[in-house]
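These notes are about the structure you will find just below.
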Amino acid sequence: MLIRFVEKFLREHNMAATKFGRLAAHDPRFVLDLRMGRIPRPHTEARVRRWMDAYSPDAIPAAFADRALEIKGYTHHAR
355 MLIRFVEKFL
365 REHNMAATKF
375 GRLAAHDPRF
385 VLDLRMGRIP
395 RPHTEARVRR
405 WMDAYSPDAI
415 PAAFADRALE
425 IKGYTHHAR
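For the sequence shown, my numbering assigns the number 433 to the last residue and increments by one with no breaks.
Pasting the structure below:
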């Protein structure tokens, strides 16, 4: 099940569920919906798994470089 891998990823990277959803699936409710039993399409699941495999915590996406980032309820300004 995808949710197990996502939950492990969130713990390992100390990432908020909504941030993960925005970055990996372009849907801030993605993880919340998975927790409620949502079953993503195979293409969506494959795309999210590829994103997790390629994720680097040091690389901030250009779209978020000038914005404050939310990690576990705390706001951090990108430098």
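Ideal Cβ placement from N, Cα and C applies to all residues, glycine included.
Quick caveat: nothing in here was measured; it's all calculated off a predicted structure.
Is DSSP giving residue i helix, strand or coil here?
i: glycine 391; result: coil
i: histidine 397; result: helix
i: alanine 379; result: helix
i: alanine 408; result: helix
i: alanine 371; result: helix
Just the C-alpha distance for residue i and residue j, rounded to the nearest angstrom, thanks.
i: threonine 398; j: glycine 375; result: 12 Å
i: phenylalanine 384; j: threonine 372; result: 7 Å
i: arginine 404; j: valine 360; result: 12 Å
i: histidine 406; j: glutamate 366; result: At residue 406 the sequence reads methionine, which differs from the histidine that was named. Straight-line Cα distance between these residues: approximately 11 Å.
i: arginine 395; j: proline 382; result: 17 Å
i: serine 410; j: isoleucine 357; result: 20 Å
i: arginine 401; j: methionine 355; result: 14 Å
i: leucine 364; j: leucine 377; result: 12 Å
i: asparagine 368; j: lysine 362; result: 10 Å
i: alanine 379; j: leucine 388; result: 12 Å
i: isoleucine 393; j: aspartate 412; result: 30 Å
Hey, out of the options, whose CA is closest to residue i's CA?
i: glycine 370; options: Arg404, Leu386 and Arg392; result: Correcting the residue type first, residue 370 is alanine in the shown sequence and not glycine. If we check each option's Cα against that of alanine 370, Leu386 comes out closest.
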